[in-house]
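Notes follow once the structure below has been shown.
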Amino acid sequence: MARKYLIETFGCQMNVHDSERMAGLLEQAGFEATAHATEADVVVINTCSVRERAEEKLYTRLGELRQLAAEQGHDPIVAVAGCVAQQEGETLLRRSPGVADVIIGTQAIRRLPMLVERAATTRRPLIDLALYDDVAFPLGVTRRGDPVKAYVTIIEGCNEFCSFCVVPYTRGHERMRPKADILAEVREAAETGHREVQLLGQIVNHYAAPDDPGCDFTGLLEAIHEIAGIDRIRFASPHPRHVTPRFLAAMARLPKICRHLHLPVQSGSTPVLRAMRRRYTRESYLELVGTIRAMLPDVALSTDMIVGFPGETDADFDDTLTLTRTVGYHSMFSFKYSARPNTLADQRLDDDVPEDEKTRRIVALQALQREMQSALNARLVGQEVDVLVDAASRRRDTELSGRTSTNVVVNLPGPPAWIGQVVRTRVERAGPHSVWGTKVSV
Ligand code: SF4
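Right, here's the structure in full:
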């Protein structure tokens, strides 16, 4: 009987995609997927350290696995992967003794099957945190979890060193994938029925093809746009300071590029942005938003925001609220600041905004965002939109969900056979996080 694996993923799309890659590697080595830790021979926990809470989740989960071993005698090989593994290394073994068998860094995932086999034989912890610069990944191995959308990495790592961010320390310096590899992977995704491709990188719009001098992110988008079978192209995330008129013109010209830009701002206050080392100001960001609105009036914007960054005053926070109101984001990921190990903010700045004040600010920001999102979604009521159906609702078997090109989630009744199709839908009601509609009859 084939041995079984379970992968549990915390964190961002990049982690979700790394898990798809690790699943493919384990299947290539003869393992089969299971949804239950109690029958898994290997449990991989793919971790995120961008927020403190994700780290706590890892230690809680390791504690549960230790209990499983004690109570039921089931003791799978446990591998910890991802950013926490890279960051904590041996500390993980000390904080959770006797649980983790493999600790594998973000650049070593191709070595997972080999490390799992060795750990199964020796039952001694193995650690591989080496920085392998090679960004190649074999074609056809990734075990994609979504039948409609395919993640494709274009850049790994980041050189930006924003003062709050742990990514340059956990994922290493910026490395570009060859354009030929990316195009081959997009073609393969199209051949396996995927209609949408989501390009991943810490700063996607910093892309420069190592195998095609002169080909930047816009050139890559143009090449992907030519691939038959792919109807929608998304990407996350561009950095505001690398958004160029040439890129915006391509977005306006190429219909497969979704009408959605995730444009992380992090704060609405210029002094806070300076302390964050974001390399743009409130004014230049708003100017960029104005240019985007002029060139791409139908594009929806979303963002990331941090409140309670060291030194953030009431006036700085008010700037965040007014910027949020001015831009009118369709969605926002917002967080209370927490110091991340090794970062400049952790080493040089005093985490001086009291926790209850951070909470007050996040509550106020999220209330404003909910109000604005509700108003933007309400504008869709009565309109017809094209929805790429990507999932059956977990609540009812007659309800489907999908997204508009602007990334609004639309729920609609229909058969599972519509998954993977673009369905013209009339929006009938709206909430803050999604809208509801029915298929337009032709
Ligand atoms: Fe982190 Fe800044 Fe790089 Fe984004 S651009 S990954 S926030 S360092």
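Residue 859 is where the sequence shown starts when you use the numbering used here, and the numbers rise one by one after that.
Just so you know, even glycine gets a beta-carbon here, dropped at the ideal spot from N, CA and C.
At a cut-off of 7 angstroms, the beta-carbon of Glu1043 does not count as near the ligand SF4: no heavy atom of the ligand is closer than that. The distance from the Cβ of Asp986 to that of Ile962 is about 5 angstroms, consistent with a contact at the 8 angstroms cut-off. Those residues placing their Cβ nearer than 6 angstroms to any heavy atom of the ligand SF4 are, following chain order, Cys1016, Glu1018, Phe1019, Cys1020, Cys1023, Val1025, Pro1026, Gln1060, Ile1061 and His1097. Pairwise C-beta distances place the region 1162-1173 in contact with the region 1124-1143, as three or more of them are shorter than 8 angstroms. In the three-state DSSP reduction, Gly1148 falls in the helix class (H, G or I).
Cβ contact annotation for Leu1179 (same chain, cutoff 8 angstroms, sequence separation greater than five): Gly1126, Ala1222, Leu1223 and Leu1226, in chain order. By the Cβ criterion, the region 1230-1243 is in contact with the region 1282-1290, since at least three pairs of Cβ atoms, one from each stretch, lie closer than 8 angstroms. In the pairwise beta carbon analysis, the region 1038-1057 is classified as not touching the region 1015-1025: fewer than three pairs are separated by under 8 angstroms. Scanning the region 947-979 from its first residue to its last, the whole beta strand (DSSP E) runs of 3-plus residues come out as 960-962. Around the beta-carbon of His1064, 16 or more other beta-carbon atoms lie within 10 Å, marking it buried. Within the DSSP bridge table, the entry for Trp1294 names Asn1269 and Arg1287 as partners. Taking Thr1028 as the centre and dropping the five residues before and after it, the same chain places the C-beta of Ser907, Cys941, Gln944, Gln945 and Thr964 closer than 7 angstroms to its C-beta, in chain order. The Cβ atoms of Thr1000 and Leu1058 do not sit closer than 8 angstroms to each other. By the criterion of a C-beta distance shorter than 8 angstroms, Met880 is surrounded in its chain by Ile865, Val902, Asn904, Ala939, Ile967 and Leu970, once the five residues flanking it on both sides are discounted. Ranked by how close their Cα comes to the Cα of Ala994, the residues Ser1299, Leu1079 and Ala1038 have Ala1038 in first place.
In the DSSP secondary-structure assignment, Glu1213 is not bridged to any residue.
Listed in chain order, the non-local C-beta contacts of Gln1231 below 6 angstroms within the same chain comprise Pro1290, local neighbours out to five positions each way being set aside. In the displayed model, Ser1095 falls within coil according to three-state DSSP, outside both helix and strand. The C-beta of Glu975 has fewer than 16 other C-beta atoms within 10 Å across all chains shown, which makes the residue exposed. For Val1245, the enclosing beta strand (DSSP E) stretches over residues Glu1242 to Ala1250. The alpha-carbon separation between Ala937 and Tyr917 amounts to approximately 13 angstroms.
Note: Asp1074 is bridge-paired with Ala1066 in the DSSP secondary-structure output. Where Val1157 is concerned, there is no enclosing alpha helix (DSSP H), because DSSP gives it neither an H nor an E. Counting only residues of its own chain and dropping the five nearest sequence neighbours on each side, His1100 has a CB closer than 7 angstroms to the CB of Ile1061, Asn1063 and His1064. Restricted to the region 902-952, the alpha helix (DSSP H) segments that are unbroken, complete and at least 4 residues in length are 910-930 and 940-946, listed in chain order. In this structure, Lys862 and Glu897 form a Cβ contact; the two beta carbons are roughly 6 angstroms apart against a cut-off of 8 angstroms. Rounded to the nearest whole angstrom, the CA to CA distance from Met1153 to Leu1131 is 26 angstroms. Cβ neighbours of Ala988 within its own chain (closer than 8 angstroms, five residues either side excluded): Gly963, Gln965 and Ala966. Within the model, the alpha-carbon separation for Arg1206 versus Phe1167 is close to 13 angstroms. Take the alpha-carbon of Ser877 and the one of Glu890: they are about 14 angstroms apart. Take the alpha-carbon of Phe1093 and the one of Arg1117: they are about 11 angstroms apart.
Taking Ile1164 as the centre and dropping the five residues before and after it, the same chain places the C-beta of Phe1022, Gln1124, Ser1125, Met1134, Ser1192, Phe1193, Lys1194 and Tyr1195 closer than 8 angstroms to its C-beta, in chain order.
Note that the C-beta distance between Asp1244 and Thr1217 is not below 8 angstroms. Under the three-state reduction of DSSP output, Thr1256 falls in the coil class, being neither helix nor strand. For Val1280, same chain residues with a beta-carbon under 6 angstroms away, outside a window of 5 residues either side, are Asp1244 and Leu1246 in chain order.
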